[in-house]
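Working notes for the structure below.
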Amino acid sequence: MADRRKRKKTAVMDLSWRDLVNRGLRAVWLVALPVQLQAQQAVAPPLDLQSFPASMIEEVIVPDPGELFSLMDKLPGQPNWDSWVRSDFGKGTLTDRTRLALWFGTLIADGFIAVQAENVEGVTKAGRRILELAESLSLRDAVLPHSRAIIEACEAKDWPRVRRELDRTHKTVREQMEMMRDEDLAQYVSVAGWLRGTEVLTSLIVESYSQDKAEILNQPDLADHFLEQLSGLDAEGKAGEPVQAVISGLRKVRQVMGSSSTASLSSESVEQIHGICAGIVNQIVPK
Numbered sequence: 033m034a035d036r037r038k039r040k041k042t043a044v045m046d047l048s049w050r051d052l053v054n055r056g057l058r059a060v061w062l063v064a065l066p067v068q069l070q071a072q073q074a075v076a077p078p079l080d081l082q083s084f085p086a087s088m089i090e091e092v093i094v095p096d097p098g099e100l101f102s103l104m105d106k107l108p109g110q111p112n113w114d115s116w117v118r119s120d121f122g123k124g125t126l127t128d129r130t131r132l133a134l135w136f137g138t139l140i141a142d143g144f145i146a147v148q149a150e151n152v153e154g155v156t157k158a159g160r161r162i163l164e165l166a167e168s169l170s171l172r173d174a175v176l177p178h179s180r181a182i183i184e185a186c187e188a189k190d191w192p193r194v195r196r197e198l199d200r201t202h203k204t205v206r207e208q209m210e211m212m213r214d215e216d217l218a219q220y221v222s223v224a225g226w227l228r229g230t231e232v233l234t235s236l237i238v239e240s241y242s243q244d245k246a247e248i249l250n251q252p253d254l255a256d257h258f259l260e261q262l263s264g265l266d267a268e269g270k271a272g273e274p275v276q277a278v279i280s281g282l283r284k285v286r287q288v289m290g291s292s293s294t295a296s297l298s299s300e301s302v303e304q305i306h307g308i309c310a311g312i313v314n315q316i317v318p319k
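My numbering puts the first residue of the sequence shown at 33, with every later residue one more than the last.
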């Protein structure tokens, strides 16, 4: 696309939670699932924050996605991840690269969901579908080693390795897109992954609502970040229906989150965010 906004490249770094607080930055998920780490030691084992992997995209700290999905398991209650593992991961063939990138983002999130459920069939299907979309995005050679490793680790039920390979897949795709001067597509991958992840988390939180769980979702700064990035695209980049749906939906989510990143969302607000995200994801994934 012509006349793209210049963006800072992603720099991978290890940061402790103290580092995050001192920087005054919020932690968010790479495929972009948000999380706020509160004092849960009384009810759950503490996370190893000193070795918490993270990436920085401009002013957004992005921890490893597998660690953040695992955080939900450390809170009271047992999330039913298996209920959100897709039986299929979208049908049909797309040629539009913007729509492919958005679809790819939801697939990465679905891969992590299947890992949380320890669903061998779900992870295997997601890994194969990821490779198919990578080929459509001219990224097959870069993604093929990860796809094979995901399926191999899944068959061995080596879930930590599957998580690592999914994270590496996303990192590789972003890097390749930036090398190909497709930074906008890399942004679509991230925002779509966040929307799919938020769709699932909101549903799981409503099933067993608590203020602590709701705090995981309240990330107005992240919504602002995505809106700023997408709004800065040129007219051609924003023209398509899927992108317009994403921008419109993000604005609604941002409005529900309000002005405070420290306040807990009500059960009704969580349900509202779920409905918005589900509607967007439904438009992204081809039937």
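All C-beta atoms in this analysis are idealised placements derived from N, C-alpha and C, irrespective of residue type, glycine included.
These figures come from a predicted structure and were not determined experimentally.
Query                                                                                                                                                                  : Result
Is it the case that the stretch 245-253 contacts the stretch 201-208, given that we only count it when at least three CB pairs across the two stretches are under 8 Å? : no
Report yes or no: do the stretch 221-229 and the stretch 152-162 share at least 3 C-beta pairs separated by less than 8 Å?                                             : no
Straight-line CA distance for N151 to A255?                                                                                                                            : 30 Å
Name the residue from Y220, P111 and T230 whose alpha carbon lies nearest to the alpha carbon of G311.                                                                 : T230
The ligand COA and V285: does the residue's C-beta get closer than 7 Å to at least one heavy atom of that ligand?                                                      : Questions concerning the ligand COA fall outside what the structure shown contains, since it holds no ligand whatsoever.
Identify the continuous alpha helix (DSSP H) that holds A277 and give its terminal residues.                                                                           : E273 to M289
Starting from A166, follow the alpha helix (DSSP H) in both directions and report where the run begins and ends.                                                       : V152 to S168
Let me know the secondary structure DSSP gives F144 once reduced to three states.                                                                                      : helix
Does the separation of the CB atoms of T138 and R228 fall below 8 Å?                                                                                                   : yes
Helix, strand or coil for K123? Go by DSSP, reduced to three states.                                                                                                   : coil
Using beta-carbon positions only, say whether C186 and V175 come within less than 8 Å of one another.                                                                  : no
Is Y241 helix, strand or coil when you go by DSSP?                                                                                                                     : coil
Check whether the stretch 158-165 touches the stretch 238-247, counting contact only when three or more Cβ pairs, one atom from each stretch, lie closer than 8 Å.     : no
With M104 and L198 assumed to form a contact (beta carbons below 8 Å), what rounded beta-carbon distance in angstroms separates them?                                  : Not confirmed; about 16 Å, so no contact.
Cβ atoms of R129 and L171: under 8 Å apart, would you say?                                                                                                             : no
Among residues of its own chain, excluding the 5 on either side of A133, which ones have a beta-carbon nearer than 6 Å to its beta-carbon?                             : L217, Y220 and V221
Secondary structure at V313, three-state DSSP: helix, strand or coil?                                                                                                  : helix
At which residues does the alpha helix (DSSP H) containing V205 begin and terminate?                                                                                   : W191 to M211
With the cut-off set at 8 Å, would you say H178 and I140 are in Cβ contact?                                                                                            : no
Use the C-beta contact count for Q276: other C-beta atoms within 10 angstroms, 16 or more gives buried, fewer gives exposed.                                           : exposed
Do W191 and I145 have their beta-carbon atoms positioned less than 8 Å apart in this structure?                                                                        : no
What's the C-alpha gap between I279 and G272?                                                                                                                          : 11 Å
Alpha carbon to alpha carbon, how far is D114 from A149?                                                                                                               : 5 Å
Take the Cβ of A166 as the centre, count every other Cβ of all protein chains shown within 10 Å, and call the residue buried at 16 or more, exposed below.             : buried
Can you give me the Cβ contacts of G109 inside the same chain, cut-off strictly under 6 Å, excluding the 5 residues immediately before and after it?                   : S240
Between M211, D253 and R131, which lies nearest to G290 when the distance is taken from Cα to Cα?                                                                      : D253
If you count every other CB in all the chains shown that lies within 10 Å of the CB of P111, and 16 or more means buried, which is it?                                 : buried
Suppose the cutoff is 6 Å on Cβ atoms and the five residues either side in sequence are ignored; what does the same chain contact list for R118 look like?             : D142
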